[in-house]
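Enquirer: For the sequence shown, our numbering puts the final residue at 741, and the numbers step up evenly by one. The beta carbon of each residue, even a glycine, is placed where N, CA and C say it ideally should be.
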Amino acid sequence: MQTEALVALTPDDLVRMILKKQRDLAKALPDLLKSREEELSRAYQLTKEARMAYKNLQEEASTNEEATTAAELLYNEREEFRRRSESRTHQLRNANANVQSTLMYWSDEERPWTSLLEAAHRVAEGHPPTFASKQLDGGQQA
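Structure follows, in structure tokens:
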């Protein structure tokens, strides 16, 4: 955006832009999360199968070392895939929770920034900040 366009934005414009972006994310994230959870389920299954095959080869006395090493490598690859899948799923779950809390926060009719603007004007006029004024009021009552 150009400087003039940014200066022309009102707080309500910014809130509308934030809400639009968050609503778009809120629509897209559930599908992404579902596919990640399916991937994670598949990763757990593949890891479990590879672990069992590796354990079976370790227990068999007639198994050659190459087969055991190959099974161990396969298990390690599957475990790494499971860990990455779990991490990506966790990140999407957190992103989804953040989007929902952001939507709740910015959808509030009493805009959170209104009190901040009022406090900024009060401080600019030489009055104490909200926190200090609450402390002064509380101190006088005690």
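#1: For my contact list, Leu691 and Leu628 are in at a C-beta cut-off of 8 Å; report their separation, rounded to the angstrom.
#2: Are there three or more Cβ pairs, one per stretch, closer than 8 Å when the stretch 688-704 is compared with the stretch 629-638?
#3: With a 10 Å radius around its C-beta and 16 neighbouring C-beta atoms as the bar for buried, classify Ala649 as buried or exposed.
#4: Name the residue from Leu605, Gln657, Glu659, Arg677 whose alpha carbon lies nearest to the alpha carbon of Leu645.
#5: Going by other Cβ atoms of all chains shown within 10 Å of its Cβ, with 16 needed for buried, is Val722 buried or exposed?
#6: Based on Cα-Cα distance, which residue from Thr668, Ser640, Arg641 lies nearest to Ala652?
#7: Using a threshold of 8 Å, state whether the C-beta atoms of Arg681 and Ala642 are closer than that.
Expert: Reading from the atomic positions:
#1: 7 Å
#2: yes
#3: buried
#4: Arg677
#5: exposed
#6: Thr668
#7: yes
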